[in-house]
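Residue numbers (this note's numbering): 5 to 302.
Quick reminder that beta carbons are idealized off the backbone N, C-alpha and C, glycines included.
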């Protein structure tokens, strides 16, 4: 990977790591659906006036917006609204790496290595431990299920991007989400009615607006622009594990700024999931390194 691409990956990791703190701030003021609506309104305005429409069919643009953005964050914001710790959300949503590999294998006929399958098994065990931990905490199991749905949506979005091929990343992020605010608004109306939507707008403060602005301009335009850039240059199975460090940053932020604490089951499960991610990312390199150190026999 080129140096500039490594720097792009680091920027994505840091932005997405602190991103979960701003999600928590946002859902503390307005409903998850209205936070999503505001986020993508800010993404589109004023970017639509300056960013060209990417050279790809509208069906792909709209599929990307609905699957990778509306679905992913409708589930994720809703999970955080249930009281799911943001550090845990940041970790569990990284299961997108495993979902991406499985979809790529079964739909795109890509090859998966031994360490990727082993990582999926290890991470599944970790998620099971976290699920058991949810039963011993005040946080509903529904939150964990919603995060897994978010991860699956993210993985499907990765596959959509791969099927599109080379494309302007910022153009996709902007024009691919042209209907995303509408989807969020419709679900907000269905959930709380017009009166609830009005109450949300009236409850919004500069703090909440600032959180939505960070989600829009940093996490979405910059973060996803760089993520799509990397996806179009490297195999999906190589890029998706780069999000390994996102939960580390998120958990640090959650501990310092949100005073979030996990029980023993959740910590143990988190460590196991992180181990799975490490196997996914480093398994082949470790094997190659060990083979290279084996003594040669005459």
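Taking DSSP as the reference, what is the three-state secondary structure of residue i?
i	result
residue 185	helix
residue 59	coil
residue 238	coil
residue 20	helix
residue 6	coil
residue 265	coil
residue 169	coil
residue 32	coil
residue 54	coil
residue 300	Unreliable placement is indicated for residue 300, whose pLDDT of 44 sits below 50; no coordinate value is reported for it.
residue 14	helix
Mind checking whether residue i and residue j have CB atoms under 8 Å apart?
i	j	result
residue 161	residue 72	yes
residue 102	residue 134	no
residue 185	residue 41	yes
residue 264	residue 90	yes
residue 280	residue 45	no
residue 220	residue 43	yes
residue 35	residue 209	no
residue 203	residue 192	no
residue 260	residue 176	no
residue 81	residue 31	yes
residue 342	residue 284	Nothing about residue 342 can be read from this structure; the chain reaches only from 5 to 302.
residue 15	residue 230	yes
residue 96	residue 246	no
residue 79	residue 154	yes
Could you pull the start and end residues of the alpha helix (DSSP H) that residue i belongs to?
i	result
residue 259	250-261
residue 43	36-48
residue 180	Counting along the chain, residue 180 falls outside any alpha helix (DSSP H), and DSSP gives it neither H nor E.
residue 212	210-217
Which residues in the same chain have their Cβ closer than 8 Å to the Cβ of residue i, if we skip the five residues on either side of it in sequence?
i	result
residue 268	137
residue 24	84, 90, 91, 93, 94, 254, 257 and 258
residue 225	47, 51, 174, 177 and 178
residue 164	64, 67, 68, 71 and 72
residue 302	Bear in mind that the predicted position of residue 302 carries a pLDDT of just 47, short of 50, making it unreliable; the figure below should be weighed with that in mind. Result list for residue 302: empty, nothing under 8 Å.
Taking 7 Å as the line, does the beta carbon of residue i fall inside it for any heavy atom of the ligand NAD?
i	result
residue 124	Ligands are entirely absent from the displayed structure, and the ligand NAD is therefore not among its contents.
By Cβ distance, which residues of its chain are closer than 6 Å to residue i, with the 5 residues on each side in sequence left out?
i	result
residue 129	276
residue 158	76 and 100
residue 222	19
Report yes or no: is there a C-beta of chain B within less than 8 Å of the C-beta of residue i?
i	result
residue 158	Looking at the structure shown, chain B is missing, and only one protein chain is on hand.
Between which residues of its own chain and residue i is the CB-CB distance below 7 Å, once the five residues before and five after are set aside?
i	result
residue 189	41
residue 216	30, 39, 42, 43 and 46
residue 156	103
residue 300	Because residue 300 sits at a pLDDT of 44, beneath the cut-off of 50, its placement in the model cannot be relied upon, and the following sentence gives the value as read from the coordinates. Excluding sequence neighbours, residue 300 sits near nothing in its chain.
residue 13	234 and 246
Along the chain, which unbroken stretches of the beta strand (DSSP E) at least 3 residues long are found entirely within the stretch 80-151? Those beta strand (DSSP E) runs which fall completely within the stretch 80-151 and span 3+ residues do not exist here.
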